[in-house]
Amino acid sequence: MSAIKIPVYRPSLRGNEKKYVNECLDTTWISSRGRFVGEFESQFARTIGIEHAASVCNGTVAIHLALLALGIGEGDEVIVPTLTYIASANAIAYTGATPVFVDSCRDSWQIDPEDVRRHITPRTRAIMPVHLYGQACDMDALMAIAREHRLFVVEDCAEAFGTLYKGRHVGTFGDISTFSFFGNKTITTGEGGMVVTNDKTLATRARHYKGQGLADHREYWHDVVGYNYRMTNIAAAIGLAQLENAADVISRKRRLAERYRQALAGLPVALHAEQPDTVHSYWMVSILVETPEHRDPLRAHLSQDGIETRPLFFPVHTMPMYAKSYRRHPVAEDLAWRGINLPSWPDMSDEDVQTVAASIRRYFSK
Numbered sequence: 000m001s002a003i004k005i006p007v008y009r010p011s012l013r014g015n016e017k018k019y020v021n022e023c024l025d026t027t028w029i030s031s032r033g034r035f036v037g038e039f040e041s042q043f044a045r046t047i048g049i050e051h052a053a054s055v056c057n058g059t060v061a062i063h064l065a066l067l068a069l070g071i072g073e074g075d076e077v078i079v080p081t082l083t084y085i086a087s088a089n090a091i092a093y094t095g096a097t098p099v100f101v102d103s104c105r106d107s108w109q110i111d112p113e114d115v116r117r118h119i120t121p122r123t124r125a126i127m128p129v130h131l132y133g134q135a136c137d138m139d140a141l142m143a144i145a146r147e148h149r150l151f152v153v154e155d156c157a158e159a160f161g162t163l164y165k166g167r168h169v170g171t172f173g174d175i176s177t178f179s180f181f182g183n184k185t186i187t188t189g190e191g192g193m194v195v196t197n198d199k200t201l202a203t204r205a206r207h208y209k210g211q212g213l214a215d216h217r218e219y220w221h222d223v224v225g226y227n228y229r230m231t232n233i234a235a236a237i238g239l240a241q242l243e244n245a246a247d248v249i250s251r252k253r254r255l256a257e258r259y260r261q262a263l264a265g266l267p268v269a270l271h272a273e274q275p276d277t278v279h280s281y282w283m284v285s286i287l288v289e290t291p292e293h294r295d296p297l298r299a300h301l302s303q304d305g306i307e308t309r310p311l312f313f314p315v316h317t318m319p320m321y322a323k324s325y326r327r328h329p330v331a332e333d334l335a336w337r338g339i340n341l342p343s344w345p346d347m348s349d350e351d352v353q354t355v356a357a358s359i360r361r362y363f364s365k
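Below is the structure:
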């Protein structure tokens, strides 16, 4: 393996991140109190157009907190796509509920509403759409199913900050939604997440649980088993600075996807396509090769050229802890075995893109 010359991701830190972090250090407000926590929450809510936002320490606990706020627990089922990052399923399992896996749509790679409908049982309490790699799910169809069966909708927007569905930000359709700000996300706090909702009761419940279940009316009195899921002021300071440049970052990522599309034209690969009535934020620019036999050799070839890539997520239903009632999800499996995430950081140069494309071209010309 050659030394990495083009990493799969690198955050863009060209704004007020250092200034705001230094303010935290200078004022000694470095933990979960300080001005940046509230400002980041309120500015994030305004940016996506939602009433309430509660910051947390990472995206996985954001999902857990959202499920806790809804009262999801033992004996419940939550429908989730099998083609997702493991955190979506694990957070369901943390509550004692059962993740029920469904297949993907071939054109969008997102959760298949018709397969959702097929998997609803009397124990189903919620549907968890995951806006995978920055492309929006079919929220009209999913919300209609949820209304018909009186189910909650928990949107996992970990990879989809800036993604739009029919002109609205994802995360504003469900009962409650979550975002991740890990170091490789479109906006980052290093580690961090957000729970958002238009429901004041759910917002209050989420804040209560994330702060160790501390009661409002009595100092150091705890009335539920809570969690220490709070975001630090330092992380929020970075997040606020990131929000200030978010529109530019998303614009650059979308331009990056278009440059890849042009550079890869004529090669036997298919770029993850933006669907009608959506704006794809292209957290990761991803391709499919024609057959699974090409995927790993192509990644090895790129690695030899110093280009880092990732495979698409393994379908969660194939992993040992979730395979007890194994069944096939053929579209998700096919996408997973053929998919590659290409280097996708917003500051990539045209030269970097051409280097990646040239390496792929050399592979297929052998």
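Using numbering that gives the first Met the number 0, the first residue of the sequence shown is number 0, and each one after it goes up by one.
We treat Cβ as the ideally placed atom computed from N, Cα and C, and that holds for glycine.
Checklist entry - Per DSSP, asparagine 227 forms a beta bridge with which residues? => result Gly210
Checklist entry - If we count the other Cβ atoms within 10 Å of its Cβ and call it buried at 16 or more, is methionine 318 buried or exposed? => result exposed
Item to check | First through last residue of the beta strand (DSSP E) which encompasses phenylalanine 373 | outcome: Outside the shown range of the chain, which is 0 to 365, sits residue 373, and nothing can be said about it.
Next on the checklist: Using only CA atoms, which one of Ser11, Ser1, Lys4 and Ala264 lies nearest to glycine 189?
Outcome noted: Ser11
Next on the checklist: Does valine 284 come out as helix, strand or coil in the three-state DSSP assignment?
Outcome noted: coil
Item to check | Spatially closest choice to leucine 131 from Tyr208, His271, Glu147 and Val55, by CA coordinates | outcome: Distances from the alpha-carbon of leucine 131 to those of Tyr208, His271, Glu147 and Val55 put His271 closest.
Item to check | N- and C-terminal bounds of the alpha helix (DSSP H) containing glycine 338 | outcome: Counting along the chain, glycine 338 falls outside any alpha helix (DSSP H), though it belongs to the beta strand (DSSP E) covering 338–340.
Checklist entry - Which parts of the stretch 270–314 are runs of the beta strand (DSSP E), unbroken and 3 residues or longer, counting only runs that do not cross its ends? => result Restricted to the stretch 270–314, the beta strand (DSSP E) segments that are unbroken, complete and at least 3 residues in length are 285–288, listed in chain order.
Item to check | Residues of its chain near valine 330, where Cβ-Cβ distance is below 6 Å and the 5 sequence neighbours each way are ignored | outcome: Asp102, Ser103 and Arg105
Next on the checklist: Can you give me the C-alpha to C-alpha distance between threonine 83 and asparagine 89, rounded to a whole angstrom?
Outcome noted: 11 Å
Checklist entry - Where does alanine 331 fall in DSSP's three states? => result helix
Checklist entry - Is the CB-CB distance between alanine 52 and glutamate 38 below 8 Å? => result no
Checklist entry - Cα separation between lysine 269 and leucine 297? => result For the record, residue 269 in the displayed sequence is alanine; it is not lysine. Cα to Cα, the separation comes out at about 14 Å.
Checklist entry - Taking the continuous beta strand (DSSP E) assigned at proline 6, which residues delimit it? => result For proline 6, there is no enclosing beta strand (DSSP E), as DSSP gives it neither H nor E.
Next on the checklist: One question on the structure: do arginine 124 and leucine 150 come within less than 8 Å of each other, judged by their Cβ atoms?
Outcome noted: Cβ distance < 8 Å, so arginine 124 and leucine 150 count as in contact.
Checklist entry - Which partner residues of tyrosine 164 appear in the DSSP bridge assignment? => result Arg167 and Thr277
Next on the checklist: So, under 8 Å CB-CB, valine 169 and threonine 162 are touching, yes? Tell me the CB distance rounded to an integer number of Å.
Outcome noted: Between threonine 162 and valine 169 the Cβ distance is about 5 Å, and since that is below 8 Å, they are a contact.
Checklist entry - Do the stretch 210–221 and the stretch 153–160 meet, that is, are 3 or more Cβ pairs less than 8 Å apart? => result No: the two stretches stay apart, fewer than three of their Cβ pairs being nearer than 8 Å.
Checklist entry - Where does isoleucine 175 sit, in a helix, a strand or coil, going by DSSP? => result In the structure shown, isoleucine 175 sits in a strand (DSSP, three-state: E or B).
Checklist entry - Which residues share a DSSP beta bridge with histidine 51? => result The bridge partners DSSP lists for histidine 51 are Thr196.
Checklist entry - Mind checking glycine 265: buried by the 16 CB within 10 Å criterion, or exposed? => result exposed
Item to check | Beta-carbon proximity check, aspartate 366 vs leucine 66, cutoff 8 Å | outcome: Outside the displayed range of the chain (0 to 365) lies residue 366, so it cannot be described from this structure.
Next on the checklist: By the three-class DSSP mapping on this structure, what secondary structure does histidine 130 have?
Outcome noted: coil
Checklist entry - For tyrosine 8 versus serine 343, is the C-beta distance shorter than 8 Å? => result yes
Checklist entry - When we look at the beta-carbon of threonine 81 and count the other beta-carbons within 10 Å, is it buried (16 or more) or exposed? => result buried
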